[in-house]
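Peer 1: Could you have a look at this structure, given as structure tokens, before my questions?
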DNA sequence: TTTGGTACTTTGCGATACAAGGTATTAGAA
DNA sequence: TTCTAATACCTTGTATCGCAAAGTACCAAA
């Protein structure tokens, strides 16, 4: 892999996508395409081939539920919502994320 | 993969190890075992099977140089130092890391 | 009825973190 | 001398993940 700035960022993003998805769904329900838009707006680029398997994994882990909803502009949408278990996991991820930041800060110090 | 706290942290660590190694070597030279100790002290658990290939990759990318040094307590140690290219990369990684934090913060906001 | 837009899904590949096992050097004990 | 323990470096095989690319399906408007 080349050392481009984008590749550096891509590598750092890895492992945070699960957290980002749960964070968004912790605020409001969403369907895949809208998740991609929201992630992109925040600077977290994700593509379909990454997101769909990820949502299926989280659903299979019991972190998410979903319901189908008709759209006026195309095929029906699969709206995902956070389950109770998903909320617990999100809380743990919030803590884990803070610890990671602390760890990096510790390493940067002196 | 189970949803244990440790697994959550492990996933988030992924992609940050390169950055952590360069950050440490940006402060002082080090050999593999000492890197593991310093990472562990900061809460960034890494094992040998991860670190050695990583150091070899970074060396092959021209980010690191190394020199052998005798030890009074065992076999010789391979001390790694940051190359000029490694320093440039570290600077880019510092920026990328800050952007990642900003992105997550943006997602968490309302 | 055909085209374009939206949305969901799958397949195959490359990269990486890790567990587990292996090699080599040194110092000190038996 | 030989064996053991500690230190240190390295490799192999596996699982997972992110992504590019291709595929399927629905709907509305031309």
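Chains as they are written, first to last, in the numbering used here: chain R, 1 to 110; chain P, 1001 to 1110. Think of the CB as a built atom: it goes at the ideal place given N, C-alpha and C, for glycine as much as any other residue. Note that the structure is predicted; figures quoted are calculated from it, not measured.
Quick one: what does DSSP say residue 1071 of chain P is sitting in, helix, strand or coil?
Peer 2: Reading the second chain from its first residue, position 71 is the one you call residue 1071 of chain P. Looking at residue 1071 of chain P - three-state DSSP - the assignment turns out to be strand.
Peer 1: Indicate whether at least one CB of chain R lies closer than 8 Å to the CB of residue 1084 of chain P.
Peer 2: What you label residue 1084 of chain P is simply residue 84 of the second chain in a count that begins at 1. Chain R contact via Cβ: absent.
Peer 1: What residue range does the beta strand (DSSP E) around residue 82 of chain R cover?
Peer 2: As a first step, residue 82 of chain R is located in the first chain; it is residue number 82 there, counting from the start. It spans 77-82 - the beta strand (DSSP E) in which residue 82 of chain R sits, taken as one unbroken run.
Peer 1: Would you report the Cα separation of residue 79 of chain R and residue 90 of chain R, rounded to the nearest angstrom?
Peer 2: Looking up residue 79 of chain R in the first chain gives position 79. Looking up residue 90 of chain R in the first chain gives position 90. C-alpha separation (whole angstroms): 18 Å.
Peer 1: State the DSSP-derived secondary structure class of residue 1066 of chain P, mapped to helix, strand or coil.
Peer 2: As a first step, residue 1066 of chain P must be located in the second chain, where it is residue number 66. Strand.
Peer 1: List the endpoints of the continuous alpha helix (DSSP H) containing residue 1050 of chain P.
Peer 2: Locating residue 1050 of chain P in the second chain gives position 50, where the first residue counts as 1. Here the alpha helix (DSSP H) through residue 1050 of chain P covers 1048-1060.
Peer 1: Would the beta-carbon of residue 151 of chain R fall within 8 Å of that of residue 1103 of chain P?
Peer 2: Summary: the structure shown does not reach residue 151 of chain R, with chain R confined to residues 1 through 110, and so no result is reported for it.
Peer 1: Residue 1111 of chain P: which of P:1082, P:1084, P:1067, P:1083 sits nearest, CA to CA?
Peer 2: With chain P covering only 1001 through 1110, there is no way to say anything about residue 1111 of chain P.
Peer 1: Who are the Cβ neighbours of residue 52 of chain R in its own chain at under 8 Å, not counting the five residues just before and after it?
Peer 2: Locating residue 52 of chain R in the first chain gives position 52, counting from the first residue. Once the five neighbours on either side are set aside, the close Cβ partners of residue 52 of chain R are 32.
Peer 1: Might you give, ordered along the chain, the residues of its own chain that have their beta carbon closer than 7 Å to the beta carbon of residue 46 of chain R, omitting 5 neighbours on each side?
Peer 2: Working through the first chain from its first residue, we reach residue 46 of chain R at position 46. Taken in chain order, the residues that qualify are 17, 36, 39.
Peer 1: What does residue 1099 of chain P reach in chain R if we use C-beta pairs closer than 9 Å?
Peer 2: The residue labelled residue 1099 of chain P in the question sits at position 99 within the second chain. In chain order: 9, 12, 43.
Peer 1: Name the DSSP bridge partner or partners of residue 30 of chain R?
Peer 2: Here residue 30 of chain R is taken as the residue at index 30 of the first chain, counted from 1. In DSSP, residue 30 of chain R forms a bridge with R:80.
Peer 1: Going along chain P in order, which residues have a C-beta closer than 7 Å to the C-beta of residue 24 of chain R?
Peer 2: As a working note, residue 24 of chain R is residue 24 in the first chain. Under the 7 Å cutoff, chain P gives 1107.
Peer 1: What residues from chain R crowd round residue 1103 of chain P, counting only those whose CB sits closer than 7 Å?
Peer 2: The sequence position of residue 1103 of chain P within the second chain is 103, counting from 1. Those within 7 Å of residue 1103 of chain P in chain R are 42, 43, 44.
Peer 1: Since residue 1092 of chain P meets chain R, which of its residues come closer than 7 Å, beta carbon to beta carbon?
Peer 2: Position 92 of the second chain, counted from the start, is the residue given in the question as residue 1092 of chain P. In chain order: 5, 8.
Peer 1: Find the nearest neighbour of residue 86 of chain R within the set R:27, R:8, R:15, judged by alpha-carbon distance.
Peer 2: Residue mapping note: residue 86 of chain R aligns to position 86 of the first chain, counting from 1. The shortest Cα separation from residue 86 of chain R among R:27, R:8, R:15 belongs to R:27.
Peer 1: Can you give the Cα-Cα distance for residue 1019 of chain P and residue 1097 of chain P, rounded to whole angstroms?
Peer 2: The residue given as residue 1019 of chain P occupies position 19 in the second chain. The residue given as residue 1097 of chain P occupies position 97 in the second chain. Approximately 9 Å between the Cα atoms of the pair.
Peer 1: Would you mind sorting residue 73 of chain R into buried or exposed? The rule is 16 or more other CB atoms within 10 Å of its CB.
Peer 2: Along the first chain, one-based indexing puts residue 73 of chain R at 73. That one is exposed.
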